[in-house]
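These protein sequences, in sequence, are chains E and Y. Quick note on this note's numbering: the first sequence kicks off at 224 and runs consecutively. Quick note on this note's numbering: the second sequence kicks off at 224 and runs consecutively. The C-beta atom is built at its ideal place from N, Cα and C for all residues, glycine as well. Read the structure below first, then the notes.
Number of protein chains: 2
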Amino acid sequence: MSKSETTGSLRNKIAPIISYSLTDQVETRLLDLFKKEDLRSGDAVPKENELCEAMGVSRTVIREALTRLKTIGLIESKKNKGMILKEPDLLIGLDKLIQPKILSEETLQDMFEMRLVLEMGIAELIFARIQPKDIADLKAILKTEKNYPAVFEMDFEAKFHGRIYEIARNNTLMRFQSMLLPIFQYVHDKGMKLKQEELPKNYVTHALLVKAIESGNPEKYRDAMKRHLKVHFDRTIKIRKLITD
Amino acid sequence: MSKSETTGSLRNKIAPIISYSLTDQVETRLLDLFKKEDLRSGDAVPKENELCEAMGVSRTVIREALTRLKTIGLIESKKNKGMILKEPDLLIGLDKLIQPKILSEETLQDMFEMRLVLEMGIAELIFARIQPKDIADLKAILKTEKNYPAVFEMDFEAKFHGRIYEIARNNTLMRFQSMLLPIFQYVHDKGMKLKQEELPKNYVTHALLVKAIESGNPEKYRDAMKRHLKVHFDRTIKIRKLITD
DNA sequence: TTTATGTATTATGTATGACATATTTAAATG
DNA sequence: CATTTAAATATGTCATACATAATACATAAA
Numbered sequence: 224m225s226k227s228e229t230t231g232s233l234r235n236k237i238a239p240i241i242s243y244s245l246t247d248q249v250e251t252r253l254l255d256l257f258k259k260e261d262l263r264s265g266d267a268v269p270k271e272n273e274l275c276e277a278m279g280v281s282r283t284v285i286r287e288a289l290t291r292l293k294t295i296g297l298i299e300s301k302k303n304k305g306m307i308l309k310e311p312d313l314l315i316g317l318d319k320l321i322q323p324k325i326l327s328e329e330t331l332q333d334m335f336e337m338r339l340v341l342e343m344g345i346a347e348l349i350f351a352r353i354q355p356k357d358i359a360d361l362k363a364i365l366k367t368e369k370n371y372p373a374v375f376e377m378d379f380e381a382k383f384h385g386r387i388y389e390i391a392r393n394n395t396l397m398r399f400q401s402m403l404l405p406i407f408q409y410v411h412d413k414g415m416k417l418k419q420e421e422l423p424k425n426y427v428t429h430a431l432l433v434k435a436i437e438s439g440n441p442e443k444y445r446d447a448m449k450r451h452l453k454v455h456f457d458r459t460i461k462i463r464k465l466i467t468d
Numbered sequence: 224m225s226k227s228e229t230t231g232s233l234r235n236k237i238a239p240i241i242s243y244s245l246t247d248q249v250e251t252r253l254l255d256l257f258k259k260e261d262l263r264s265g266d267a268v269p270k271e272n273e274l275c276e277a278m279g280v281s282r283t284v285i286r287e288a289l290t291r292l293k294t295i296g297l298i299e300s301k302k303n304k305g306m307i308l309k310e311p312d313l314l315i316g317l318d319k320l321i322q323p324k325i326l327s328e329e330t331l332q333d334m335f336e337m338r339l340v341l342e343m344g345i346a347e348l349i350f351a352r353i354q355p356k357d358i359a360d361l362k363a364i365l366k367t368e369k370n371y372p373a374v375f376e377m378d379f380e381a382k383f384h385g386r387i388y389e390i391a392r393n394n395t396l397m398r399f400q401s402m403l404l405p406i407f408q409y410v411h412d413k414g415m416k417l418k419q420e421e422l423p424k425n426y427v428t429h430a431l432l433v434k435a436i437e438s439g440n441p442e443k444y445r446d447a448m449k450r451h452l453k454v455h456f457d458r459t460i461k462i463r464k465l466i467t468d
């Protein structure tokens, strides 16, 4: 086709025209305003009508831009009262997005690996912040795990590892990992179900992990965790190889 | 005041009434629809007018709900063409939010720690996926670091560690850490500036890290990284103690 | 017949005006 | 002065209209 040839050669000479919608422009102007005025969490945002007049666009556009900022948690609007700037929640919206069905296999893989990475890297924080109650709680959880590890239940996994993250006393990190649970569940259901005979020889159980926490150090704990997660590491590394080849 | 007393004691007995706005309801209905219909990335979303009629609300409300979903990257709308479901970007919006000024000290602390955690936990992926070119690139970066570590430049830090993350070949992880850079920068500028005399005795430089990658294993690398990040670990642990006490 | 141009349709983007509702403020009343 | 009433306020919702650009189709030129 001559058309595609033409555009093909032209593309290097002429840059495509990008048109920012009014809403786009309003959004960036709002962000600029907040930065310029150095507004902090709790400060009031100008009224919609004031913004309309100041920027010379309809309330429709202003509201759409505001809706975006509300969606990312930067603004909170109280009905009939006004809007204030909020301390944004970095993980906002994530729970709506983490649905295995709409995420690509690659992204799922990425997130699954991130969980593995966190699980390994968290050791220093754990040993820096652990308190007696943490270990007591973990032991209590162990007792509820009937027929583990012969029977692998997602519920055990979530409760146990969730409690470990709590030790690190990093709220954002904890919430992040809890959001990753559906992905872990998905990968598990998808064929990772551990039959008893597939458990590695020196498989590290939750009980052994607790022991490593109780009387170990970051290095020992990590070694235990590495073996606890071995099948997952092996699998993700194998899969990624398949994808990139 | 008797009023505040009353609400105080009643709050435990009576749950507050929560009213979901029309937009809220439309949003969840849309998400339900997508899930129910098992829509995937690329599939078409019903037209605005169809949605209006189906749900019996005005286009305004429909559009506001759609705007939310566009904001989190679940939907993409092509002007005058229609809307499609998109593979959502899990990190969307994050770049707008990561501005030290609007984040609380605690969240900044959380994110800073997450970076430390990732840096430690990434070792397994690195050694599973490293290729010759990676090491060559790292060595090339080393040569550009003039007067390091005597002079600490954020730029060095970003380039070097960014390249390390690339080795793991996890796109989401890589983008995530690059978004954390402003926070690292902020914390650094805020008083973490390493004067030469403050460098720990056996400080691990970037060069030593490369060596650990080149002829080591995950454990050795982590040991090196731990010492490389020691001042940061020490500081964040000290600070968190102050906050919680 | 093929190609390029003009045209109608379509769906989102934007504007305008109105009303509902709950909060706050101010006024009025006892 | 305290309490109640009324008014002003700001967001949430509705309805309608038009602008604009992508697509498909029709049409004229080669």
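Exercise. What span of residues does the beta strand (DSSP E) with Glu389 (chain Y) cover, start to end?
Worked result: No beta strand (DSSP E) contains Glu389 (chain Y), which is instead part of the alpha helix (DSSP H) from Met377 to Ile390.
For this session: Indicate whether Leu314 (chain E) and Pro323 (chain E) have their beta-carbon atoms separated by less than 8 Å.
Result: no
Exercise. By the criterion of Cβ-Cβ separation under 7 Å, what are the contact partners of Met377 (chain E) in chain Y?
Worked result: Per Cβ cutoff of 7 Å: no residues; Met377 (chain E) is ~20 Å from chain Y at best.
For this session: Compare the C-beta of Ala351 (chain E) against all C-beta atoms of chain Y and say whether one is closer than 8 Å.
Result: So yes, Ala351 (chain E) belongs to the interface.
Exercise. Can you tell me whether DSSP reads Gly316 (chain E) as helix, strand or coil?
Worked result: coil
Problem set entry | Beta bridge counterpart(s) of Ile298 (chain E) as assigned by DSSP | E:Leu308
Exercise. Would you call Met306 (chain E) buried or exposed, if buried means 16 or more other Cβ atoms sit within 10 Å of its Cβ?
Worked result: buried
Exercise. If we ignore side chains and look at the alpha-carbon of each, how far apart do Ser300 (chain E) and Val454 (chain Y) end up?
Worked result: Straight through space, the alpha carbons of Val454 (chain Y) and Ser300 (chain E) are spaced by roughly 41 Å.
Problem set entry | Length-filtered (3 minimum) beta strand (DSSP E) runs lying within the region 262-289 of chain Y | none
Exercise. Hey, does Val284 (chain E) have any beta-carbon neighbour from chain Y nearer than 8 Å?
Worked result: Not an interface residue.
Exercise. Are the beta-carbon atoms of Gly439 (chain E) and Val340 (chain Y) separated by less than 8 Å?
Worked result: no
Exercise. Are the C-beta of Gly344 (chain E) and some C-beta of chain Y separated by less than 8 Å?
Worked result: Yes, its Cβ sits closer than 8 Å to a Cβ of chain Y.
Exercise. Rounded to the nearest angstrom, how far is the Cβ of Ile295 (chain Y) from that of Gly316 (chain Y), given a contact under 8 Å?
Worked result: Contact holds; Cβ gap of about 7 Å.
Exercise. Exposed or buried, what is Asn272 (chain E) when buried is set at 16 or more other beta-carbons lying within 10 Å of its beta-carbon?
Worked result: exposed
For this session: Tell me the start and end of each unbroken alpha helix (DSSP H) in the region 343-370 of chain Y that is at least 4 residues and wholly inside, in chain order.
Result: 346-352 and 355-367
Problem set entry | Lys309 (chain Y) and Ser264 (chain Y) closer than 8 Å at C-beta | yes
Exercise. How would you list, in chain order, the residues of chain E whose beta-carbon sits under 7 Å from the beta-carbon of Arg291 (chain Y)?
Worked result: Thr290 and Thr294
Exercise. Quick one, which of E:Leu452, E:Leu326 and E:Lys449 has its alpha-carbon nearest Phe258 (chain Y)'s?
Worked result: Strictly speaking, residue 258 (chain Y) in this sequence is Lys, with Phe absent from that position. Selected option, being the one with the closest Cα: E:Leu326.
For this session: Give, in chain order, every residue of the region 319-337 of chain Y whose Cβ lies closer than 9 Å to some Cβ of chain E.
Result: Lys319, Leu320, Ile321, Gln322, Lys324, Ile325, Leu326, Ser327, Glu329, Thr330, Gln332, Asp333, Met334, Glu336 and Met337
For this session: Please report the Cβ distance between Met377 (chain Y) and Thr395 (chain E), rounded to the nearest whole angstrom; I am assuming they are in contact, meaning their Cβ atoms lie under 8 Å.
Result: Wrong, their Cβ atoms sit about 23 Å apart, outside the cutoff.
Exercise. Contact check, Val427 (chain Y) vs Arg450 (chain Y) under 8 Å by CB: the rounded distance?
Worked result: 4 Å
Problem set entry | Assigned exposure category for Pro355 (chain Y) - 16 Cβ within 10 Å defines buried | By the neighbour-count definition (other C-beta atoms within 10 Å, threshold 16), Pro355 (chain Y) is an exposed residue.
Exercise. Helix, strand or coil: which one does DSSP assign to Ala444 (chain Y)?
Worked result: Rather than Ala, the amino acid found at residue 444 (chain Y) in this sequence is Tyr. In the three-state reduction of the DSSP assignment, Tyr444 (chain Y) falls in the helix class.
For this session: Check whether the Cβ of Gly385 (chain Y) lies closer than 7 Å to any heavy atom of the ligand NAD, and answer yes or no.
Result: Absence of the ligand NAD from the depicted structure is noted, as is the absence of any ligand whatsoever, leaving it without description.
Exercise. With distances taken from CA atoms, which of Y:Leu404, Y:Ala363, Y:Pro311 and Y:Lys319 is nearest Glu342 (chain Y)?
Worked result: Y:Leu404
Exercise. Can a CB atom of chain E be found closer than 8 Å to the CB of Arg214 (chain Y)?
Worked result: Residue 214 (chain Y) lies beyond the residue range present for chain Y, which begins at 224 and ends at 468; the question has no answer from this structure.
Exercise. Where does the unbroken alpha helix (DSSP H) through Thr251 (chain E) begin, and where does it stop?
Worked result: Leu245 to Lys259 is the span of the alpha helix (DSSP H), which, as asked, contains Thr251 (chain E).
For this session: Within 10 angstroms of the Cβ of Ala447 (chain E), are there 16 or more other Cβ atoms? Answer buried if so, exposed if not.
Result: That one is buried.
Problem set entry | 8 Å contact criterion, which Leu365 (chain Y) and His429 (chain Y) should meet: CB distance rounded | 6 Å
For this session: Please report how far the alpha carbon of Lys293 (chain Y) lies from the alpha carbon of Lys304 (chain E), in whole angstroms.
Result: 26 Å
Problem set entry | Reduced DSSP category for Asn303 (chain E) - H, G, I as helix; E, B as strand; rest coil | coil
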